[in-house]
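What follows is one structure encoded as structure tokens, with my remarks underneath.
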Amino acid sequence: MNATLVIARRELTEKRFVFVTALAFLALVLAVPFMPGVHDDERAGALIIGSLILATALSVGLAAILGGSIVGRELADGRLSFYFSKPLPATSIWWGKLIAAMTLILASFVIVGFPALLAGGAAALRGWTAQGTGSIFGFILSGALALFLLAHVIGTFVRSRSAWFLFDFSAAVICGTAMWMLVRALLTGFAQLLALRMVEAFAVFLALSVIAGGAWQLERGRTDRRRSHMELSRFLWVSIGCGVLIVAAFVAWVVSVRPGDLKVSGGRQSGQWAFIGGVAKNRLDYRAAFLYNVVDGRAVRLTAPPWNGVGIRPDLATWFVRSDGVYELWFARLSDAHPKPRYTGIAVKQWSSTWLSSDGLHVRVLDRQGIVSEYDLASGKLLRAYRWTRTHEARPPLPAGARYVVDIGNGRIVAAMANGSALMQGGRILRSEQGIWPSAGGVATIPLLARVGDQMVLWNPLTGERRAIR
Amino acid sequence: MTDQAIEIANVTIRYGTLTAVRDVTLNVPRGAVYALLGRNGAGKSSLVRSILGQRKPDAGAIRVLGEDVWTHRAALMQRVGVVSEDADAPPEMTVAQLARFSAQLYARWDPKEVGDRLERFEISPRAKFGALSKGQKKQTLLALALAMSPDLLILDDPTLGLDVVARKSLFDEVITELADRGITVLITTHDLGGIEMLADRVAIMKNGSLVVEDELDALKTRFRRIRFAAQPDGFGDSAPLSLEDIFIAVSGEGAQR
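Residue numbers (this note's numbering), protein chains in the order written: chain C, 1 to 470; chain Y, 1001 to 1257.
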């Protein structure tokens, strides 16, 4: 520890000109309110803005310069041998340099940013950004730290002038692509918050990897710049590779949702099959959807939760999936022994509703401009298009002979027989648009999907029996 | 405790496809003044970097004062004084700051000794290291290296770029120190005249390999016999051989081709 502090103090002494620079910036900040063109009522605002901009610019610029020189330049200039010929552990050299660099960045930010706080910057920031001072300052300093670490890695790699750089570039492309695919898997399940948390956690892991990698680099590479590069590279890519594998395992667990894992669900049923979907347990905002056979419990996982345009009948289901800014129409033949989701090849640019033809061969898509396009479902070929009506709530008509209806008005599910008399009440629906839809006639013994509490259950409106989804 | 201050066994050092040091084995006995000679690019500095634990050999092992130098570098540096070839101390630090910095790191540190030696060298403690002449830089580093009472002193080309007076002053300082304390010295140098007065043993490297390694007197005897035998009339030149003669005989061959 003592050796670390000795190094830190020496580095701070060597770079004391940074404090002088910060004081010069401070003088500039204090001059901003009195510059020509700044009116009396604008002086406080000008001071706050000038202070924040210059504090950010200085700390971020300093982070880039210090990061690039902390090890890389000293290796290239052959100056690290000064430390290594002394009784100093490599880890002390790294931590001492790191502590000094962090102190310089933080101190320069505080010195130049201080007038902003004095002039009521906290309230101004809350008003401008709806964020507290802590989160804004935290964001800026986190960005400076990230830039510092990135500059350190690039500085080491570039200054070694080693062909190993090609390996680094390839590894960065591979890991970046892998991470993007993993994030995309979560976004496919509408898990924006979960994806953000995962990326944040990975960024922290990356930062820790670079910090630990710096100590490893100096311990194993010492004064040899090529070996130093190789050791940093080896440490980083092994740890990042492990990190990506851990993230992959996490994402694999997140997406391995079973119907029983759905917490808040919406459903739509026709005959034995139903669409069920919702947020999965313990997975923050990750959503999944299934075609679920309410009789035998079979489930078919949809590649992504339906965006809209869900259509289902006993032999066929259709739904839209959002992908790369367009809505792709998918379908599944429920009459097959093992129904599989298949892409129709039909992609539309807007939110749409669909109807299936009675023979199940054609699908009509109604877009928000009121244009109906009729496609051949199997081939995706456009058969015809015509103007119908401009509407945002286009829904197919209720099937004839409906036996069960949903009492949307008071949020409860009510079963009604054909003669119209109300018989039973079931679970509570979450929102009217996610409620239980009418089932076709002749299916009185088939359970309905209903929501009780946070769980989706199978509910028999005639007997009142409830069964958990498996 | 081993009798060797430095044990180098089958060490090879490579930089990419270039082999800087090839399968070198040598031992530096405790208390000896050991001269490691060789032309530029012979591999001396690479070997010294590895002896200092700054560069891991690609093959072989190096032990300094009985310890593996790669794994025990930090602890060993408490007992090893170094005057590096390229005077690597930060140029903006003053001599006094360098002394204060070093004082915090060494268990055995004698501030008076540094002050006395700097005074003898006529170097101001207030002078910035970067502003010193080459000779003064080496003298400063020598003063710092000796102030921690080293068991082993490594001088990597300490007289490079020094004038005759500075060279003599530096060697005189080392000789005095040796007489006082009997510490082991490993020195790489081109100053063959200067080292001839000091060295007990000599090793000469050529193209990364060790081509000669012996006690200086034995080496002179050996080369005198070779020269004698090489005379066509059987009457060899009886003039005494210098270290420079031996060095040229061993290292100069490549230059003539």
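All C-beta atoms, glycine included, are put in the ideal place defined by N, C-alpha and C. Model, not experiment: these values are computed from the prediction.
Beta-bridge pairing of residue i - partner residues as DSSP gives them
i                  : result
valine 255(C)      : Answer is none; valine 255(C) lacks a bridge partner.
arginine 364(C)    : Trp355(C), Glu374(C)
proline 1057(Y)    : In the DSSP output, where bridge partners are listed per residue, proline 1057(Y) has none listed.
glutamine 1004(Y)  : Pro1029(Y)
arginine 1014(Y)   : Thr1019(Y)
asparagine 293(C)  : Trp273(C)
valine 1083(Y)     : Leu1155(Y)
glycine 311(C)     : Thr318(C)
isoleucine 48(C)   : For isoleucine 48(C), which the question treats as bridged, DSSP gives no partner whatsoever.
isoleucine 1062(Y) : Ile1008(Y)
serine 228(C)      : Serine 228(C) pairs with nothing; no bridge assigned.
glutamate 1067(Y)  : Val1064(Y)
serine 323(C)      : Val326(C)
leucine 58(C)      : None; leucine 58(C) has no bridge partner.
leucine 382(C)     : Tyr375(C)
tyrosine 1034(Y)   : Leu1186(Y), Arg1201(Y)
valine 1024(Y)     : Val1011(Y)
Span of the alpha helix (DSSP H), counted from its first residue to its last, around residue i
i                   : result
glutamine 192(C)    : 192-221
phenylalanine 34(C) : No alpha helix (DSSP H) contains phenylalanine 34(C), which DSSP labels as neither H nor E.
glutamate 11(C)     : 2-14
valine 1250(Y)      : 1243-1251
arginine 184(C)     : 164-188
arginine 1039(Y)    : Run containing arginine 1039(Y): none; DSSP gives neither H nor E here.
serine 1050(Y)      : 1044-1051
leucine 1076(Y)     : 1073-1076
arginine 1100(Y)    : 1095-1103
The beta strand (DSSP E) enclosing residue i, as first and last residue numbers
i                  : result
isoleucine 1123(Y) : From DSSP, isoleucine 1123(Y) is part of no beta strand (DSSP E); its letter is neither H nor E.
tyrosine 83(C)     : Element bounds for tyrosine 83(C): not the beta strand (DSSP E) but the alpha helix (DSSP H), 81-84.
glutamate 1213(Y)  : 1209-1215
glycine 345(C)     : 342-348
isoleucine 1204(Y) : 1201-1206
glutamate 42(C)    : Run containing glutamate 42(C): none; DSSP gives neither H nor E here.
alanine 332(C)     : 326-333
arginine 301(C)    : 299-301
Of the listed residues the options, nearest to residue i (C-alpha basis)
i                  : options                                        : result
tryptophan 94(C)   : Asp261(C), Glu42(C), Gly213(C), Trp164(C)      : Gly213(C)
aspartate 1157(Y)  : Ser1084(Y), Gln1136(Y), Gln1078(Y)             : Ser1084(Y)
cysteine 242(C)    : Thr56(C), Ala171(C), His362(C)                 : Ala171(C)
asparagine 2(C)    : Leu88(C), Val363(C), Val254(C)                 : Leu88(C)
serine 1251(Y)     : Glu1119(Y), His1190(Y), Arg1224(Y)             : His1190(Y)
serine 1260(Y)     : Arg1079(Y), Thr1017(Y), Lys1138(Y)             : Limits of chain Y in this structure are 1001 at one end and 1257 at the other, which puts residue 1260(Y) out of reach.
isoleucine 154(C)  : Asp41(C), His229(C), Asp224(C)                 : His229(C)
lysine 340(C)      : Val310(C), Phe290(C), Trp355(C)                : Phe290(C)
leucine 356(C)     : Lys349(C), Arg333(C), His338(C)                : Arg333(C)
glycine 120(C)     : Leu377(C), Glu42(C), Phe148(C)                 : Glu42(C)
proline 498(C)     : Ala249(C), Trp273(C), Phe331(C)                : Outside the shown range of chain C (1 to 470) lies residue 498(C), about which nothing can therefore be said.
isoleucine 1006(Y) : Tyr1015(Y), Asn1207(Y), Leu1160(Y), Val1033(Y) : Val1033(Y)
leucine 30(C)      : Arg283(C), Ser358(C), Val18(C), Leu47(C)       : Leu47(C)
methionine 1205(Y) : Leu1155(Y), Val1164(Y), Asp1214(Y)             : Asp1214(Y)
glutamate 1173(Y)  : Ala1147(Y), Leu1192(Y), Ala1127(Y), Val1028(Y) : Ala1147(Y)
proline 1150(Y)    : Asp1023(Y), Val1011(Y), Val1080(Y)             : Val1080(Y)
glutamate 1113(Y)  : Phe1247(Y), Arg1126(Y), Glu1092(Y), Ala1145(Y) : Ala1145(Y)
glutamine 217(C)   : Leu75(C), Gly134(C), Phe34(C)                  : Leu75(C)
threonine 1140(Y)  : Leu1153(Y), Ser1124(Y), Arg1108(Y), Asp1217(Y) : Ser1124(Y)
lysine 86(C)       : Lys1044(Y), Val1164(Y), Leu1153(Y)             : Leu1153(Y)
serine 1209(Y)     : Tyr1015(Y), Val1202(Y), Thr1025(Y)             : Thr1025(Y)
Contact belief for residue i with residue j at Cβ below 8 Å, rounded distance in angstroms
i                     : j                    : result
leucine 1076(Y)       : leucine 1065(Y)      : 6 Å
arginine 1030(Y)      : aspartate 1003(Y)    : 6 Å
tryptophan 128(C)     : serine 233(C)        : Actually they do not touch by this definition, with Cβ atoms about 42 Å apart.
tryptophan 161(C)     : glycine 72(C)        : First, the residue type needs correcting, since residue 161(C) is arginine and not tryptophan in the sequence shown. At roughly 11 Å, the Cβ-Cβ gap does not stay under 8 Å, so arginine 161(C) and glycine 72(C) are not in contact.
arginine 268(C)       : glycine 278(C)       : Incorrect: roughly 12 Å between the Cβ atoms, too far for contact.
phenylalanine 1121(Y) : alanine 1089(Y)      : Actually they are not in contact, since the Cβ atoms of phenylalanine 1121(Y) and alanine 1089(Y) sit about 15 Å apart, beyond 8 Å.
tyrosine 386(C)       : isoleucine 346(C)    : Tyrosine 386(C) to isoleucine 346(C), Cβ: 17 Å. No contact.
alanine 55(C)         : phenylalanine 109(C) : 5 Å
leucine 1118(Y)       : valine 1095(Y)       : 6 Å
leucine 141(C)        : leucine 106(C)       : 7 Å
aspartate 224(C)      : arginine 1055(Y)     : 5 Å
alanine 151(C)        : alanine 64(C)        : 5 Å
Cutoff 9 Å: residue i Cβ touching any chain B Cβ
i               : result
proline 1125(Y) : Of the protein chains in the structure, C and Y, none is chain B.
**Asked** Could you give the uninterrupted runs of the beta strand (DSSP E) lying entirely in the stretch 1129-1191 of chain Y, keeping only those of 3 residues or more?
**Response** Taking 3 residues as the shortest admissible run, the stretch 1129-1191 of chain Y contains the following complete beta strand (DSSP E) segments, listed from N- to C-terminal end: 1152-1156, 1184-1188.
**Item:** Secondary structure, alpha helix (DSSP H): runs of 4+ residues fully inside the stretch 61-137 of chain C
**Value:** 81-84, 90-118, 121-129
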